[in-house]
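Numbering (the numbering used here), first residue to last: 499 to 623.
Here's what the structure looks like:
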């Protein structure tokens with residue numbers, strides 16, 4: 499057990515990373531798998547064009563053509579970045595006739611993107 503000198507009378511248990519303070523407990527992270535998943539997602543989202551795509555999507559389902567128009571680069575470039583985000587489990591897609599639509603596939607990731615949009619994608623004028 500590791501003790502934090504700033505937590506007098508309390509203890510920090512490593513493993514499930516639970517901080518206990520007398521009768522209340524605060525669970526920081528469930529396990530290493532959650533940490534790895536978060537790390538992979540953040541790495542995949544860290545490219546400027548991918549962030550722009552995610553800001554474009556938000557909580558909506560958007561066609562590749564509309565993403566291309568909004569982001570302002572070639573369809574092949576957008577498709578490569580969409581594939582990376584999809585392969586990392588960040589985006590889900592569906593095909594309708596000759597159009598492909600993308601949306602954020604995980605509710606936790608959607609929350610994170612919502613916070614990023616609020617902080618980085620909206621500008622006061």
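We put the CB at the ideal spot given by N, CA and C, even for glycine.
Are the beta-carbon atoms of residue i and residue j separated by less than 8 Å?
i	j	result
residue 603	residue 588	yes
residue 571	residue 547	yes
For residue i, list the residues DSSP reports as bridge partners.
i	result
residue 561	599
residue 589	602
residue 594	597
Can you find the residues in the same chain that come closer than 7 Å, C-beta to C-beta, to residue i, ignoring five residues on each side of it along the sequence?
i	result
residue 696	In the structure as shown, the chain begins at 499 and stops at 623. Residue 696 is therefore absent and cannot be evaluated.
residue 538	586
residue 607	539 and 588
Less than 8 Å between C-beta atoms, sequence neighbours within five positions excluded: which residues of the same chain meet that for residue i?
i	result
residue 555	565, 589, 600, 601, 602 and 611
residue 521	In this prediction, residue 521 scores a pLDDT of 42, lower than 50, which makes its location untrustworthy; the coordinate-derived value is nonetheless stated afterwards. Contacts found: none.
residue 579	545, 547, 548 and 551
residue 553	611, 614, 615, 618 and 619
residue 597	561, 562 and 563
residue 569	547, 550, 551, 554 and 576
Among the options, which has the Cα closest to the Cα of residue i?
i	options	result
residue 563	553, 577 and 557	577
residue 609	531, 536 and 530	536
residue 542	595, 596, 594 and 584	584
Got a sec? Which residues, its chain only, sit under 6 Å from residue i by beta carbon, not counting five neighbours each side?
i	result
residue 573	566
residue 605	none
residue 595	none
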